[in-house]
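Asker: After the structure tokens below, expect a handful of questions from me.
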Amino acid sequence: FESVQQILQILNVAQQNRQSTATQRNVRSSRSHAVLRITAKNELCRVAESGEFYIIDLAGAEGAGDRTEHDRALIKQSAEINSSLMNLKSCLMNRMLASSREGEKRYVHIPYRNSKLTLLLKDQFELASRRNTHLTIIATITPLEQDAKQSIITLRYVAGMKVAVQNAKVIQQDPKNPVNWSVEQVNKFIAEASSGRITPESICGDGMSGVMLCKMSEVEFIQRAISNPKIDEKAAKLIYLQLWNKIIDGKEKIRNEMKKPMITKQMKQKQDEEYMKEMIR
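Sequence positions in the sequence shown follow this note's numbering and run 20 to 300.
Okay, structure coming up:
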């Protein structure tokens, strides 16, 4: 952005596009969540991963009493809003559980893929995420007596989220996972996978970390690769598939590591059951 005014203009356009309607309790009720994403790029170190700052204004939850005068369309919207908010709560609670001592004893599923809102916050919820993230929640309530019940529900919704992380599990970095590659490792992979037919600069420019390489689409990778005279589209695709297979292997390894506590617990339960059967005999 070149100026604060430019930011305000974009926000005004976004606000105008946001879906809202008059309801029984609100003359301008938001019927959708609003998301503002600000990306900060490091101009001094171009290989550094960009920082991202999200500001999310959630659509308000509605109780049964708030929907008595809704038509069918508004009832459907309310159900979808409430569903996404409940999934958000589930993701937040499970994420905190996974970072506690209790979470180390068993596998904790975080259903962030169940809604577009939580999928947007993937780095916040995914245990294997390399990003350092921080989340702040602001709950708004009304002092009106007629809304006391809904205000209590809102407070209970956020009260359970204030949990101290006692023993967050540290994910060991796998050097074979492309996400963890340094600029030098990225350059080495490109040179070796192409048998020297692709110059790292044609793919990575001034330099590219493993995270940035993994975010590159297949189409863009192939387009950059075929700029080298000794590489055709078929060869470029085969090289990209090598990268993609390494990405999948890395994700699978992380997923298996996260499931180990659950598997160990299940095996112990099975051994205990077999031991008890032997004792009974």
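Note that beta-carbon positions come from the ideal geometry of N, C-alpha and C, so glycine has one too.
Roughly how many whole angstroms lie between the Cα atoms of residue 241 and residue 128?
Answerer: The residue given as residue 241 occupies position 222 in the sequence shown. The residue given as residue 128 occupies position 109 in the sequence shown. Residue 241 and residue 128: Cα-Cα distance of roughly 35 Å.
Asker: Which one of 119, 156, 216 and 219 has the shortest CA to CA distance from residue 74?
Answerer: The residue you call residue 74 lines up with position 55 of the sequence shown. Among 119, 156, 216 and 219, the Cα nearest to that of residue 74 belongs to 156.
Asker: Within 10 Å of its beta-carbon, does residue 72 have 16 or more other beta-carbons around it, so buried, or fewer, so exposed?
Answerer: Here residue 72 corresponds to residue number 53 of the sequence shown, with the count starting at 1. Flag for residue 72 reads exposed.
Asker: So, using beta-carbon positions, are residue 131 and residue 145 closer together than 8 Å?
Answerer: Within the sequence shown, residue 131 is the residue found at index 112, counting from 1. Within the sequence shown, residue 145 is the residue found at index 126, counting from 1. Yes, the pair counts as a contact, with Cβ atoms nearer than the cut-off.
Asker: With distance defined between alpha-carbon atoms, name the residue in 263, 215 and 275 nearest to residue 248.
Answerer: For the purposes of this step, residue 248 is taken as residue 229 along the sequence shown, with counting starting at 1. Here the closest residue by C-alpha is 215.
Asker: Using the DSSP secondary-structure output, state which residues sit across from residue 72 in a beta bridge.
Answerer: Sequence index remark: in the sequence shown, residue 72 carries index 53 (1-based). Residue 72 pairs with 57.
Asker: Do you know offhand how far residue 135's Cα is from residue 166's?
Answerer: As a position in the sequence shown, residue 135 is number 116, starting the count at 1. As a position in the sequence shown, residue 166 is number 147, starting the count at 1. Roughly 29 Å between the two C-alpha positions.
Asker: Kindly list the residues whose CB is nearer than 7 Å to the CB of residue 243, restricted to its own chain and excluding five residues on each side of it in sequence; keep chain order.
Answerer: By one-based count along the sequence shown, residue 243 stands at place 224. The answer, listed in chain order, is 221 and 222.
Asker: Can you tell which of 254, 53, 93 and 218 has its C-alpha closest to the C-alpha of residue 77?
Answerer: The residue given as residue 77 occupies position 58 in the sequence shown. Out of 254, 53, 93 and 218, 53 has the C-alpha closest to the C-alpha of residue 77.
Asker: Residue 111 lies in the alpha helix (DSSP H); which residues open and close that run?
Answerer: Reading the sequence shown from its first residue, position 92 is the one you call residue 111. Residues 91-117.
Asker: Within its chain, find whatever has a CB closer than 7 Å to the CB of residue 203; leave out the 5 residues flanking it on each side and keep chain order.
Answerer: Counting from one through the sequence shown, the residue named residue 203 turns up at place 184. Same-chain partners within the cutoff: there are none.
Asker: Reducing DSSP to helix, strand and coil, say where residue 221 ends up.
Answerer: To locate residue 221, count along the sequence shown from 1; it is residue 202. Of the three classes helix, strand and coil, the one that applies to residue 221 here is helix, per DSSP.
Asker: Could you compute how far the alpha carbon of residue 295 sits from the alpha carbon of residue 276?
Answerer: Looking up residue 295 in the sequence shown gives position 276. Looking up residue 276 in the sequence shown gives position 257. Bear in mind that the predicted position of residue 295 carries a pLDDT of just 48, short of 50, making it unreliable; the figure below should be weighed with that in mind. Going from the Cα of residue 295 to the Cα of residue 276 covers about 30 Å.
Asker: With DSSP as the reference, label residue 206 as helix, strand or coil.
Answerer: Translated into the one-based positions of the sequence shown, residue 206 becomes position 187. Helix at residue 206.
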